[in-house]
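> Have a look at this one.
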Amino acid sequence: MRFRVLVDRMMTGSFQSFRSPRQSDPLSPYPFVSVIEALSCFNIKGVEKGFTSEFKVWARGDRELKLAFY
Numbered sequence: 001m002r003f004r005v006l007v008d009r010m011m012t013g014s015f016q017s018f019r020s021p022r023q024s025d026p027l028s029p030y031p032f033v034s035v036i037e038a039l040s041c042f043n044i045k046g047v048e049k050g051f052t053s054e055f056k057v058w059a060r061g062d063r064e065l066k067l068a069f070y
């Protein structure tokens, strides 16, 4: 799976995932949730202080996915 990084809807980079979480591994969701929670808190503080804008994730096409709602 390939991921693209967009800033202000302009592509700034990309990276590829080489491994996916194992479905039978009960710890796999916890690191993901921890990282997303940290990014969410970091983004909220950045928006409050005016350093950044809201963090959004875009799927294929124009469908928007939000990892956290503010």
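Sequential numbering from 1 applies to the sequence shown in UniProt numbering.
Glycine included, each C-beta is placed from N, C-alpha and C at the ideal position.
Give me whichever residues DSSP pairs with valine 5 in a beta bridge.
Gly13
> So the alpha helix (DSSP H) glycine 46 belongs to, where does it begin and stop?
29 to 48
> Flag this pair as yes or no: are the beta carbons of methionine 11 and arginine 4 separated by less than 8 angstroms?
yes
> Nearest-angstrom Cα distance between valine 7 and serine 53?
Distance between the alpha carbons of valine 7 and serine 53: 10 angstroms.
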